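For any residue, its number in my numbering is found by taking its place in the sequence shown, counting from 1, and adding 19. Here the structure is laid out as structure tokens; the discussion comes afterwards.
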Amino acid sequence: MLLVLFIKVEYVIGVIINYMINLGHYVVPVDTKNGVCIDIGANLGDFTDQYRNHFSKIIYVEPQIELFNNLQTRFKILKHIIGYNKAAWSESGVGLNLVAHSNMDSGSVGVSSGFLNKDWTNNIVNSTLSITLADLLTECNISNVDYLKVDCETSEYQFLYNKDLSMIKYLGIEIHSQMGIELYNLLLSWINKTHVLVSGDPTFINNINKEVLFKLK
């Protein structure tokens with residue numbers, strides 16, 4: 020009995036440590052205080068929870084239905100935090116399949132498309148509808164965003180590339196190398212048209228994802 024209990028405790032600790040290592044770190048400047056934040060790829064909701072008293076309004080977007088339901092429960096009493104069970108994409112209203120990451124880290128999923136590589140499985144977790152940045156802002160009646168956090172497993176290219184980013188004061192983003200160097204650099208070039216790098220090194224390195232912060236020029 021004690022041996023079984025020890026194994027279970029060891030497993031739980033291992034999962035927690037694995038999650039903490041892969042949690043990610045997003046720099047949030049102090050001049051975003053009391054501003055509007057959008058959290059794309061909210062996952063377990065720890066970013067939203069950490070900054071729930073910093074921003075006056077937070078909109079989170081999470082396509083994985085089980086994670087989304089957990090977020091709804093976690094933040095249901097906080098009226099300034101609202102969520103959408105949608106996938107960030109280049110078009111709105113498109114039905115998209117979500118597939119699991121091979122390491123299943125924190126329930127991580129990606130949109131099934133030609134942009135994913137062997138790091139993702141073929142196991143469809145669930146399907147959901149897509150939403151664009153512009154339509155999300157319209158639906159939320161928002162004209163300016165003080166902080167946009169984006170961690171959507173290579174869909175950042177479809178969500179941001181060739182889109183108007185001029186209303187985003189700060190963009191904290193994890194850029195995924197899995198999309199390949201060409202799309203990776205195309206996205207960077209597009210962001211650099213309107214924003215300047217504040218923190219992090221976005222230089223492409225194979226199999227390394229980069230967390231960087233940009234500010235509107």
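Built from N, CA and C at the ideal position, the CB exists for glycine as well. As the structure is a prediction and not an experimental result, all values here were calculated from the model.
Name the two residues that bound the continuous beta strand (DSSP E) containing residue i.
i	result
residue 58	55 to 59
residue 233	229 to 235
residue 116	114 to 120
residue 165	164 to 169
residue 102	100 to 103
Closest to residue i by C-alpha separation, out of the options, would be which residue?
i	options	result
residue 229	92, 212, 204 and 152	204
residue 75	164, 149 and 218	164
residue 146	110, 121 and 114	114
Given a threshold of 16 other Cβ atoms within 10 Å of its Cβ, counted over all protein chains shown, does residue i qualify as buried or as exposed?
i	result
residue 64	buried
residue 72	exposed
residue 169	buried
residue 105	buried
residue 220	exposed
residue 149	buried
Can you give the Cα-Cα distance for residue i and residue j, rounded to whole angstroms?
i	j	result
residue 226	residue 196	6 Å
residue 171	residue 212	22 Å
residue 143	residue 162	35 Å
residue 216	residue 180	17 Å
residue 112	residue 51	31 Å
residue 183	residue 100	24 Å
residue 80	residue 156	12 Å
residue 17	residue 66	Not covered by the structure: residue 17. The range shown for the chain is 20 to 236.
Determine the DSSP secondary structure at residue i, reduced to helix, strand or coil.
i	result
residue 47	coil
residue 68	helix
residue 180	coil
residue 200	helix
residue 237	Not covered by the structure: residue 237. The range shown for the chain is 20 to 236.
residue 193	strand
residue 212	helix
residue 132	coil
residue 89	helix
Along the chain, where does the alpha helix (DSSP H) that runs through residue i open and close?
i	result
residue 154	152 to 158
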